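Worksheet: the structure to be examined is printed underneath.
Residue numbers (our numbering): 884 to 1202.
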């Protein structure tokens, strides 16, 4: 075969392959299918932001080892950034460690994924029930903001939170603004105790005469009016959350986000995505947070409830 003919054919094949790959990228960016097939390189452009209570990550539960493979699959297939709660502390004679988080990052692979975790668990001093907040991001879709290597806790001078919220900052490829992303795990307790604690999120806890301490701190952590978003397990239904935080907006829609011991989805929508009433995300075509039914990732002879979590992740798609 003449050399020029061979080069022409080779160039044509490369062009077709690149065009096909580009089509896959566009389909992925527009897809909202649960469990969509994504690679570790081509993602949703940073648009898919998840929140997930991973149920005692780092510990066994119901006499079943945690299925780290399944946890990683859920994140890899559905999220570009995820805020995790119930990332448990591991206490040993040598001190405390983040074994569950470390195992999850190893499974995801640090070539394509990055993660950051709070510097200490809460409550502190740690007990076996203390938790970290962790934020994991796809490197092709987002990156930590400059100077924001470690998540920061909300100041809680009156110690009103059993686990005060924490937040991290990301430069998201899909947005011109930085995203300050918060994570929060409310106490379970009685319904009255839950509402009381959650209602403190918009109070003037530092007594400087200005309310909204959490969102004010999140906004003030960056210049240029960043977008702010709080994800977490509030242990309140949408109506209860509205009563507790009437000046904030819950972007979560749909039905339950928790799993019962029969591996069934309950009616309890306890996981939420919350923004201030003046948030740009309310006006920018952001798609509401919805529960992702990913129970099928559980291995044979196990259930999602026993080996993965008693919560399903929620996902919001930002613009």
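Just so you know, even glycine gets a beta-carbon here, dropped at the ideal spot from N, CA and C. This structure is a prediction, so every number in the text was calculated from the model and none was measured.
Requested in this report: Just the C-alpha distance for residue 974 and residue 937, rounded to the nearest angstrom, thanks.
Outcome: 19 angstroms
Query raised in the report: Can you tell me whether residue 1192 is buried or exposed, with buried defined as 16 or more other CB within 10 angstroms of its CB?
Result: Residue 1192 should be labelled buried.
Query raised in the report: Exposed or buried, what is residue 907 when buried is set at 16 or more other beta-carbons lying within 10 Å of its beta-carbon?
Result: In this prediction, residue 907 scores a pLDDT of 35, lower than 50, which makes its location untrustworthy; no coordinate-derived value is stated.
Query raised in the report: In chain order, what residues of the same chain have a beta carbon less than 7 angstroms from the beta carbon of residue 1127, not counting five sequence neighbours either side?
Result: 1078, 1081, 1082 and 1119
Query raised in the report: For residue 942, which residues from the same chain have a beta carbon less than 6 angstroms from its beta carbon, with the 5 sequence-adjacent residues on both sides left out?
Result: 971
Requested in this report: Please name the residue or residues paired with residue 971 in a DSSP beta bridge.
Outcome: The partner list for residue 971 (beta bridge, DSSP) reads 1014.
Requested in this report: Could you give the DSSP three-state label for residue 1123: helix, strand or coil?
Outcome: helix
Report task. Kindly list the residues whose CB is nearer than 7 angstroms to the CB of residue 969, restricted to its own chain and excluding five residues on each side of it in sequence; keep chain order. Result -> If we look at residue 969 and ignore the five residues flanking it on each side, its Cβ neighbours are 936, 937, 938, 939, 940, 1014 and 1068.
Query raised in the report: Can you give the Cα-Cα distance for residue 1084 and residue 1095, rounded to whole angstroms?
Result: 7 angstroms
**Report entry** Cβ pair residue 1140, residue 1154 closer than 8 angstroms
**Finding:** yes
Report task. For residue 1195, count neighbouring C-beta atoms within 10 Å of its own C-beta (all shown protein chains included) and say buried if the count is 16 or more, exposed if not. Result -> buried
Query raised in the report: How many Å lie between residue 983 and residue 1179 at the Cα?
Result: Straight-line Cα distance between these residues: approximately 22 angstroms.
Report task. Return the first residue and the last residue of the beta strand (DSSP E) that residue 1061 is part of. Result -> 1061-1068
Requested in this report: Please determine if the region 1160-1167 and the region 1109-1124 are in contact, where contact requires at least 3 C-beta pairs separated by less than 8 angstroms.
Outcome: yes
Query raised in the report: Of the choices 966, 995, 1103 and 1037, whose alpha-carbon is the least far from that of residue 934?
Result: 966
Requested in this report: Just mark residue 1011 as buried or exposed, buried being the case when its beta carbon has 16 or more other beta carbons within 10 Å.
Outcome: exposed
**Report entry** residue 918 - DSSP class collapsed to helix/strand/coil
**Finding:** Residue placement at residue 918 cannot be trusted, given a pLDDT of 40 that sits under 50; the coordinates are not used to answer.
Query raised in the report: Fully enclosed by the region 1132-1169, which beta strand (DSSP E) runs are 3 residues long or longer?
Result: 1154-1159
Report task. Measure from the alpha carbon of residue 949 to the alpha carbon of each residue in 1197, 1189 and 1138, then state which is nearest. Result -> 1189
Query raised in the report: Buried or exposed: residue 1117, going by 16 or more other Cβ atoms within 10 Å of its Cβ?
Result: Burial call: buried.
**Report entry** Option nearest residue 1104 by Cα separation, candidates 1050, 1142, 1058 and 1114
**Finding:** 1050
Query raised in the report: What are the boundary residues of the beta strand (DSSP E) that includes residue 936?
Result: 931-940
**Report entry** Simplified DSSP state of residue 1191, which is helix, strand or coil
**Finding:** Secondary structure of residue 1191 (DSSP, three-state): coil.
Report task. Would you tell me roughly how many angstroms separate the C-alpha atoms of residue 1089 and residue 1042, rounded to the nearest one? Result -> Cα to Cα, the separation comes out at about 11 angstroms.
Query - Buried or exposed (CB count within 10 angstroms, at least 16 for buried), residue 961 - result: buried
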